[in-house]
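Q: In the working numbering, the protein residues as written are -1 to 419.
Note that the Cβ used here is the ideal one computed from N, Cα and C, for glycine as well.
Okay, handing you the structure first.
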């Protein structure tokens, strides 16, 4: 049993936290995921801890306060490294919350500089010459430019940080990676020595880049970025340690919920339907006027006697039509309904709960009342199976919108099934 944690990760939303935790497990560290800020005494028996906070889109002061509180708990549990995990496409407004949180953590730790590494090459999100690319396309020209909450207006990290961060961005190109790691570190420290604080933005387009970054900077007290680097940091911290990857699936049908409207999730739903998978679509207008309810949808789903998908996901055109009732009102009723359905499913004996969409995942975990999980194997890169510490008979999967193969729902049903382990 680990005496103290090695890496403490603060994630800005629930699916991002699952994503981060899965990469730490791949890196060889036993990992526990918390969906609220835990007491120090609850962080035990693991080498890495991830704290999920719903701070991606909340007011800046609230985000800074919660992130600082989470860091204090992780430090008190012995963390050598604090990792602030945010979206690989820098999902943020011009005011924050990425910049203000990074600044607060840097100042609280009294560190001279930190890294900004919003990159996840395995999912096509890369950083080169200080710019974010999505499948080779600059961020502002990708579908993320039209994100319904936080549309991305530029791919240059220095520009994205200009209004929300206080310090300069320094680009570290991959030309430096052929040097001795100690020389890279010396060069960086020479550049920033006369600055109050600074952000280092390294090229990160491949796993090889990630390995170099982790090798060079793993002794920093604070690193920030997407989830991809955590696997490589895990390898650095787990060298010479015994790995424990025990996992067992469970029997019974799977209950799936989807609120994500990403292109990939829509393809994944179509794949599920094309395979003959049972599915039920929620009607937003009917929910708003009260002619439909969570219990009605759950009863319809249970009547199938099979693996079943209940969803509100829809095309951007239909989403726009639904939003005539008010974006916040629609989001609220859908999140509340999904949470209620998930609770009904668990109370009725379903042991496999699979969720697509960040906000939907947050609503489900809050409704179920679980706040800590053992992190199991991946269904897809960045999407692990979670085992609640309070009920180890359950298997829960929380997926961010664009993650997973087109056959994700089939993959998730199989991975959580009793034949896996």
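(1) I want to know whether the stretch 85 to 100 touches the stretch 35 to 51 - three or more CB-CB distances under 8 Å.
(2) What do you get for residue 272, buried or exposed, if any count of 16 or more other CB atoms within 10 angstroms of its CB means buried?
(3) Please classify residue 339: does DSSP put it in a helix, a strand, or coil?
(4) DSSP three-state label for residue 287, please.
(5) Can you find at least 3 beta carbon pairs, one from the stretch 126 to 140 and one from the stretch 106 to 113, that sit closer than 8 Å?
(6) How many Å lie between residue 397 and residue 192 at the Cα?
(7) Between residue 327 and the rest of its own chain, which residues show a CB-CB distance below 8 Å, the 5 nearest in sequence each way excluded?
(8) Run through DSSP, which three-state label would residue 402 get?
(9) Could you name the residues of the same chain whose beta carbon sits closer than 7 Å to that of residue 67, not counting the 5 residues immediately before and after it, in chain order?
(10) Starting from residue 130, follow the beta strand (DSSP E) in both directions and report where the run begins and ends.
(11) In chain order, which alpha helix (DSSP H) runs of at least 4 residues are fully inside the stretch 9 to 37?
(12) If residue 224 and residue 115 are in contact, beta carbons under 8 Å, what's the gap, nearest whole angstrom?
(13) Once the 5 residues before and after residue 126 are set aside, which same chain residues still bring their CB inside 6 Å of it?
(14) Taking the alpha-carbon positions, what's the residue 332 to residue 282 distance?
(15) What does the Cβ neighbour count give for residue 382, buried or exposed, with the cut at 16 atoms within 10 Å?
(16) Per DSSP, what are the beta-bridge partners of residue 111 in this structure?
(17) So, for residue 392: in the same chain, excluding its five sequence neighbours on each side, which residues have a beta-carbon less than 6 Å away from its beta-carbon?
(18) As an exercise, report each continuous beta strand (DSSP E) stretch of at least 3 residues that is fully enclosed by the stretch 149 to 230, in chain order.
(19) Which first and last residues belong to the beta strand (DSSP E) in which residue 82 is found?
(20) Report back the beta-carbon spacing between residue 140 and residue 226 to the nearest angstrom; my notes put them in contact at under 8 Å.
(21) Is the stretch 20 to 27 touching the stretch 358 to 372, taking contact as three or more C-beta pairs under 8 Å?
(22) I'd like to check one pair, residue 62 with residue 98: are the Cβ atoms closer than 9 Å?
(23) Among residues of its own chain, excluding the 5 on either side of residue 15, which ones have a beta-carbon nearer than 7 Å to its beta-carbon?
(24) Beta carbon of residue 343, beta carbon of residue 253: below 9 Å?
(25) Under the assumption that residue 12 contacts residue 303 (Cβ atoms under 8 Å), give the Cβ distance between them as a whole number of angstroms.
(26) Skipping 5 residues on each side, what residues in its chain have a beta carbon closer than 6 Å to that of residue 219?
(27) Measure the C-alpha to C-alpha separation of residue 293 and residue 229 and round it to an integer number of angstroms.
(28) Would residue 354 and residue 256 be called neighbours here (beta carbons separated by less than 9 Å)?
(29) What residue range is occupied by the uninterrupted alpha helix (DSSP H) comprising residue 58?
(30) Should residue 81 and residue 221 be called a contact, given that it needs their Cβ atoms to be closer than 9 Å?
(31) Extract the residue ranges of the beta strand (DSSP E) inside the stretch 245 to 277, only unbroken runs of 3 or more that lie entirely within it.
(32) For residue 126, write down the residues that DSSP places opposite it in a beta bridge.
(33) What separation, rounded to the nearest whole angstrom, lies between the Cα atoms of residue 75 and residue 370?
(34) Count the other CB atoms, across all protein chains shown, that sit within 10 Å of the CB of residue 244; report buried if there are 16 or more and exposed otherwise.
(35) Under a three-way DSSP split, which group does residue 376 fall into?
A: According to the data block:
(1) no
(2) Using a 10 angstroms sphere on the CB of residue 272, the tally of other CB atoms stays under 16, which defines it as exposed.
(3) helix
(4) helix
(5) no
(6) 43 Å
(7) If we look at residue 327 and ignore the five residues flanking it on each side, its Cβ neighbours are 286.
(8) coil
(9) 35
(10) 129 to 132
(11) 12 to 24
(12) 6 Å
(13) 201 and 203
(14) 7 Å
(15) buried
(16) The partner list for residue 111 (beta bridge, DSSP) reads 196.
(17) 349 and 386
(18) 167 to 170, 196 to 200 and 220 to 223
(19) 79 to 83
(20) Contact flag wrong, Cβ pair sits at about 17 Å.
(21) no
(22) yes
(23) 9, 31, 48 and 50
(24) Contact flag set, yes.
(25) About 30 Å; that fails the 8 Å criterion.
(26) 107 and 109
(27) 41 Å
(28) yes
(29) Boundaries of the alpha helix (DSSP H) harbouring residue 58: 58 to 74, taken from the DSSP string.
(30) Against a cut-off of 9 Å, the Cβ pair of residue 221 and residue 81 comes out as a contact.
(31) If we require 3 residues or more, the beta strand (DSSP E) runs fully inside the stretch 245 to 277 come out as 252 to 256.
(32) 129, per the DSSP bridge assignment.
(33) 16 Å
(34) Classification for residue 244: exposed.
(35) strand
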